[in-house]
Amino acid sequence: MANPKSHIFLLFTTFLLHFSTLSLAQTLFVFGDGLYDAGNKQFLSSNRVDASFPPYGVTVGEATGRWSDGRIIPDYLANFMGIPQIPPILQSTADFSHGANFAVADSTVLGSPPETMTLTQQVRKFLESKNKWTNQTVSEAIYLMYIGSDDYLNYVKNNLNPSDEQKQGFVNQVIATIEAEIKVVYGSGGRKFAFQNLAPLGCLPAVKQANGNVQECVILPSEMAALHNKKLLELLVGLSRQLNGFQYSFYDFFSSIQRRVIKSKTYTFQTGIAACCGTGSVNGTGCASNSVCVKPADYLFFDGKHLTQEGNLQVSHLIWGADTEVIGPSNLRELLFLPKDIAVTLADINEAIAALRLKQNKIESLYDTKKMESEMEYQWFYQVNQAISFLI
Ligand SMILES: *[C@@H]1O[C@H](CO)[C@@H](O)[C@H](O)[C@H]1NC(C)=O
Ligand SMILES: *[C@@H]1O[C@H](CO)[C@@H](O)[C@H](O)[C@H]1NC(C)=O
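So this is what it looks like as structure tokens:
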């Protein structure tokens, strides 16, 4: 397959011509940690949950348990899909007709951390809740995942100087559990998986500050994330061959964050080094009302570990609509439209990695927030619907 994009375009066109009504996933299931938590932590913690209080939510005028000044990535993706924000599963009175968010702050893949749900527990919760949705809904839904940061941050705290073999051994354990959980979701009917790979963890303000090293990103945590990301992509390429109808999207979040930390201004931020909210040399910890910046949109990071709403918006645009240099083999918009029984795979792992990295620098340096916003993907969605009704 020479050009995966033209291949998808052909499929897509064929699909449009053959179906008079679009059968679209109207459902989003979210798994992960604090980056995706829409409020679950409040239901699991007996202590004060910072994200339930200002200055969290300050940009939208309400603290909801989201770890940002405003909206998070699943909120924007739901918006682009044309569905309401996906509620946290533990908010039992919520309307789950368009999916559920199982993500919780402090979640890990391995171990049994207190007052959170590991990935395995989140997937179990999904199985327990499955009767809320039809089999068709479950099979057409998007399964969005971001998990593993805290596994590696905890690991580097306890292993200051691991050998290459030890590092790879730990990554393999994390990936083996992710594989098992993907297979559980697949086994219960899930087909469309959207993965965001891990951030360069050594660039998080909290991590820099803890290392007393404020300018440079800390090497070991970022290295663990990079090892994880490579193995995760290998896993997804492998699963798409092994499991009938398994479809995926793999977004290179690592590079997106790295670029925004290094060249913040290119991406509209005043700084990608210090957080908007917190204390210490790079505002790495202790986000509270008396330690918040005036204009969160000028910052990539809101607190020591999480993005501002503006950071989340940029990332969401990339997940939804970016090219294979940033996300592959399909972006979320394509994944959504892909007929269920068709698998799009990149020829091999080298091609997959090359496609993701090669031209990203060029593509992302063209990033223009205003233009992206004016092209709000929901409008695109609307236009396609218009075009279809015209054809019919
Ligand atoms: C839904 O799928 C499950 C297997 O995941 C199957 O046991 C069940 O019979 C299906 N229900 C319907 C109504 O098709
Ligand atoms: C840390 O946050 C304060 C607001 O409390 C802000 O004024 C300051 O510029 C931030 N520090 C850095 C290094 O940006």
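Numbering (my numbering) for the sequence shown: 158 to 549. Where is the CB? At the ideal position from N, CA and C, for every residue including glycine.
Residue range of the unbroken alpha helix (DSSP H) whose run includes residue i
{"i": "Y343", "result": "321 to 344"}
{"i": "N311", "result": "306 to 315"}
{"i": "T277", "result": "276 to 286"}
Cβ neighbour criterion (16 or more within 10 Å) applied to residue i
{"i": "S397", "result": "buried"}
{"i": "D190", "result": "buried"}
{"i": "R205", "result": "exposed"}
{"i": "D321", "result": "exposed"}
{"i": "Q372", "result": "exposed"}
{"i": "T423", "result": "exposed"}
{"i": "L284", "result": "exposed"}
{"i": "N329", "result": "exposed"}
{"i": "V451", "result": "exposed"}
{"i": "N292", "result": "exposed"}
{"i": "P271", "result": "exposed"}
{"i": "S269", "result": "exposed"}
{"i": "E521", "result": "Bear in mind that the predicted position of E521 carries a pLDDT of just 43, short of 50, making it too unreliable to give a figure here."}
{"i": "Q399", "result": "exposed"}
{"i": "N518", "result": "Bear in mind that the predicted position of N518 carries a pLDDT of just 41, short of 50, making it unreliable; the figure below should be weighed with that in mind. It counts as exposed."}
{"i": "G222", "result": "buried"}
{"i": "N288", "result": "exposed"}
{"i": "G256", "result": "buried"}
{"i": "Q323", "result": "exposed"}
{"i": "G344", "result": "exposed"}
{"i": "S254", "result": "exposed"}
{"i": "S264", "result": "buried"}
{"i": "H175", "result": "For H175, the predicted structure reports a pLDDT of 40, less than 50, and the residue's modelled location is therefore unreliable. The matter cannot be settled from this model."}
{"i": "G326", "result": "exposed"}
{"i": "S203", "result": "exposed"}
{"i": "I476", "result": "buried"}
{"i": "I376", "result": "exposed"}
{"i": "S446", "result": "exposed"}
{"i": "L310", "result": "buried"}
{"i": "T171", "result": "Residue confidence for T171 is low, a pLDDT of 45 falling below 50, so the modelled location carries little weight and cannot support an answer."}
Contact with chain B by residue i, beta-carbon distance below 9 angstroms
{"i": "L493", "result": "No chain B appears in this structure, which consists of one protein chain only."}
For residue i, the first and last residue of its enclosing beta strand (DSSP E)
{"i": "L234", "result": "Looking at the DSSP string, L234 is not in any beta strand (DSSP E); the run it does join, the alpha helix (DSSP H), is 230 to 238."}
{"i": "S406", "result": "404 to 408"}
{"i": "I299", "result": "299 to 303"}
{"i": "N258", "result": "256 to 258"}
What are the start and end residues of each continuous alpha helix (DSSP H) run of 4 or more residues lying completely inside the region 346 to 391, in chain order? 362 to 367
Please determine if the region 484 to 495 and the region 362 to 370 are in contact, where contact requires at least 3 C-beta pairs separated by less than 8 angstroms. no
Under 5 angstroms, CB to nearest heavy atom of ligand 2: contacting residues: A431, N440, S448, C450
As a quick check of your reading: which residues have a C-beta less than 6 angstroms from at least one non-hydrogen atom of ligand 1, in chain order? N292, S345, G346
Are at least three pairs of beta-carbons, each pair with one atom in the region 206 to 225 and one in the region 334 to 341, less than 8 angstroms apart? no
Considering only residues of the region 188 to 224, which uninterrupted alpha helix (DSSP H) runs meet the minimum length of 4 residues and lie entirely inside it, listed in chain order? 198 to 201
Evaluate the contact criterion for the region 311 to 318 versus the region 233 to 251: three or more CB pairs, one atom per stretch, below 8 angstroms. no
Under 8 angstroms: do the region 420 to 436 and the region 393 to 408 share three or more Cβ pairs, one atom per stretch? no
What residue ranges within the region 425 to 506 form continuous alpha helix (DSSP H) runs of no fewer than 4 residues, ordered along the chain? 466 to 478, 489 to 494
For the 8 angstroms Cβ check, are there 3 or more pairs between the region 444 to 460 and the region 231 to 246? no
I want to know whether the region 380 to 387 touches the region 413 to 423 - three or more CB-CB distances under 8 angstroms. no
May I ask you to verify whether the region 374 to 383 touches the region 436 to 450, counting CB pairs closer than 8 angstroms and requiring at least 3? no
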